[in-house]
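In the working numbering, the protein residues as written are 2 to 757.
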């Protein structure tokens, strides 16, 4: 019964152990499905299930019939046109990161968007090229087809090299799509949870640095080869600075002007986004101006600048992936698949929360998998979502993926009709536009200080992932960052912050005894909390912390006591020791028996419970013992283990825990386990954890139940002088023991009581 009294509450109930609670309250016996039951449900087929599967596989069937045409179509048209223009420019720019001709970037900006329109669940993300993903594909391209082919290679001209690189990019993209599709079909969308926000932030920041390094050769117009090896950034910088005197001034000046203008207008868009009806399309404006100036003044011939060149009209025939390339790029395909999905899902989740609609991680994997398979077959490269492009689609009023489909129409028009207008555009302009989209990722450096204040583990994850991706490359860096992240999880679980608890304010609240001044600790009782699962990796740490908390090793105490009993029995047998009403009386001056002599091939007996039934007197191990017999003092009689945060206990830990509990019980220290969930108790029962020494009755519902049970059992209220003196003080914070074992405030006696 719970009765509210002002801002207090009154609880009157018996002291419950888990066993007594189950006896008083009947549990509902539930049937838990086994593996066969889950298989039966998985492979069953009903009309309702078929309809649900179809709706999940084709989300467009759910939202398109409910489309508010009059209210949304204008917003989607404006958003689609704006996003499409940005997609064209980013497709051309990010193709440079893949080390293939820019025209193939238009395919990557078209096919994935159309496929996602039918299969995706997010309404606001803009699918297409993403700089980090493009750079990862480019790394695989450079590894398979390096900038400087071997002398005996059949690739004798740049055209053949470009064709081979396009094939590598397409094959890796198809492989990544297959991996994403398989993960989605197998319902493994939860894999994204292993990529924490700190890891993604550190990785994308490192990728932004790689993007900057990869675009230097276009900005300076230098023949710098790409390096997809550890320390590749260092080799790139070495080559750039060794050839810096050969810089094409026209490309450098153009790039710097574009960068300054783009950064300035992006800052204006951000600062005045509440007042602007739509962001200023600065990328489109500078592209049109740059292409017009390059054509009008013939920059290619006058200043020898590198231009986009021929953009083929229409689409090329689809191709099948090269199996030899697939075999050599499995690692690249897997990392591209995971990073692409993680980035896209993170952005999609932000917009789904903002606009209050659900997204499905598994369906997103399927959508991106099919998009990349289809896009790769038509010589595109891997697609995810660009943060800036998605921001344009959402901020310009896009309501659904119809805006995305319309953006694909804009790309289609460029591919089929007006692509030739971009042929005079300098590659340095595209490189500058690619760098202009990195502001958000480069600004993530600010997170280091924030993470250091919030969580140092997350800060270390960020820094380690960043440095690993910078020095080892994006693929190995991602693996290293993920490994370190999992290592921190293991470290936290393996070395939990175990604490001793105390009663705070004489209520039913127990907290770390070091954090408060008004604490009450029943004499002879220790309350130990482990805030972590207990398993094979941390059970020894748990045992060490427990023995450190109680101040002694129970096994050592047990062995000392059994050795002492052997000495006492031998001395009684020889007449060297006599029993008096006041205790033992030694009749000799010295005892020559050593511990080694007493062990005498019976050391296993030292670990057994002490047996004093054959002795004529009961031994008090904490009082005076016969001369030359010393036993460690045990100043506690009860130990409470708080298992409220122990989510699981494996078999290895269960064995060691059972041995540890028996060691305490054998030296007359009662052990109580509190807060254990039902699943843990059921597992202990199934595994035969309980026996004649470890019984289910030692499990209690809460810490306070166990404490009150100990107070009643040991009658501390009458036997502890320390506790008696605290009762004699006249203070509103002091409590007394009720007859039912509760704690009551003196000033509340005679008024509504606070009982526990």
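Glycine residues also receive a C-beta, built at the ideal position from the N, C-alpha and C atoms. All values reported here derive from a predicted model rather than from experimental measurement.
Whose C-beta lies closer than 8 Å to the C-beta of residue 413 among residues of the same chain, with five residues either side of it excluded?
Non-local beta-carbon contacts of residue 413 in its own chain, meaning distances under 8 Å to residues more than five positions away in sequence, involve 111 in chain order.
Tell me, which residues are paired with residue 520 by DSSP?
505
Evaluate contact between the stretch 395–406 and the stretch 116–132, counting only Cβ atoms and requiring at least three cross-stretch pairs below 8 Å.
Contact between the stretch 395–406 and the stretch 116–132 is established, with three or more Cβ pairs separated by less than 8 Å.
Would a C-beta distance cut-off of 8 Å place residue 309 and residue 428 closer than the cut-off?
Contact annotation: residue 309 and residue 428 have beta-carbon atoms nearer than 8 Å.
Would you kindly report the start and end of the unbroken alpha helix (DSSP H) that includes residue 57?
48–58
Hey, could you find the ends of the beta strand (DSSP E) residue 512 is sitting in?
511–513
Between 80, 678, 233 and 120, which lies nearest to residue 65 when the distance is taken from Cα to Cα?
Of 80, 678, 233 and 120, the residue nearest in Cα terms is 120.
Across the stretch 201–213 and the stretch 130–141, are there enough close Cβ pairs to call them in contact, namely three or more that are closer than 8 Å?
yes
Expressed to the nearest angstrom, what Euclidean distance is found between the alpha-carbon atoms of residue 276 and residue 445?
26 Å
Looking at the unbroken beta strand (DSSP E) that takes in residue 526, where does it start and where does it end?
526–530
Residue closest to residue 561, alpha-carbon to alpha-carbon, out of 525, 611 and 519
The residue with the shortest Cα to Cα distance from residue 561 is 611.
So for residue 32, helix, strand or coil by DSSP?
coil
Quick one, are the C-beta atoms of residue 83 and residue 226 less than 8 Å apart?
no
Between residue 451 and residue 469, what straight-line distance do the alpha-carbon atoms span, to the nearest angstrom?
21 Å
Starting from the N-terminal side, write out each stretch of the alpha helix (DSSP H) that is 4 residues or longer and does not extend beyond the stretch 142–213.
159–186
Cutoff 8 Å; reference residue 85; Cβ partners in own chain excluding five residues on either side
Close CB contacts of residue 85 within its chain, under the 8 Å cut and outside five residues either way in sequence, are with 407, 408, 409, 410, 411 and 412 (chain order).
For residue 671, which residues does DSSP report across the bridge?
639
Looking only at C-alpha atoms, which of 252, 339, 270 and 273 sits nearest to residue 306?
Of the candidates 252, 339, 270 and 273, the one whose C-alpha sits nearest the C-alpha of residue 306 is 252.
Residue 672 to residue 627, Cα distance in whole Å?
29 Å
Does the structure place the stretch 430–438 close enough to the stretch 259–271 that three or more beta carbon pairs sit under 8 Å?
Yes, the stretch 259–271 touches the stretch 430–438.
Quick one, which of 48, 633, 543 and 288 has its alpha-carbon nearest residue 565's?
633
In the DSSP assignment, what are the bridge partners of residue 700?
The partner list for residue 700 (beta bridge, DSSP) reads 674.
Using the Cα positions of residue 270 and residue 280, report the straight-line distance between them to the nearest angstrom.
One alpha carbon belongs to residue 270, the other to residue 280, and they sit about 6 Å apart.
CA-CA distance, residue 460 and residue 235?
Taking the straight line from one Cα to the other gives about 25 Å.
List the whole-angstrom C-beta distance separating residue 263 from residue 284, where the pair is believed to meet the contact cut-off of C-beta under 8 Å.
7 Å
Restricting to Cα atoms, I'd like to know which of 145, 517, 542 and 57 is closest to residue 661.
Comparing alpha carbon positions, the residue from 145, 517, 542 and 57 closest to residue 661 is 542.
Buried or exposed for residue 222, please, with buried defined as at least 16 other CB atoms from any protein chain shown within 10 angstroms of its CB.
Its Cβ being crowded by 16 or more others within 10 Å, residue 222 is buried.
In this structure, how does DSSP classify residue 385 when only helix, strand and coil are distinguished?
strand
For the alpha helix (DSSP H) containing residue 358, list its first residue and its last residue.
It is not in any alpha helix (DSSP H) - residue 358 carries neither H nor E in the DSSP assignment.
Complete runs of the alpha helix (DSSP H) confined to the stretch 75–112 [at least 4 residues]
105–109
I believe residue 383 touches residue 337 by the beta-carbon criterion, under 8 Å. Please report the beta-carbon distance rounded to the nearest angstrom.
5 Å
Here's a check: name, in chain order, each residue in its chain whose Cβ is nearer than 8 Å to the Cβ of residue 105, leaving out the five neighbours to either side.
96, 99, 167, 170, 380, 381 and 382
Who are the near neighbours of residue 15 in its chain, counting only those whose CB is closer than 6 Å to its CB and skipping five residues on each side?
none
Going by DSSP, name the residue or residues bridged to residue 308.
427
Proximal residues to residue 378 (C-beta, below 6 Å), its chain only, five neighbours per side dropped:
319
At least 3 beta-carbon pairs within less than 8 Å: the stretch 479–489 vs the stretch 507–521
no
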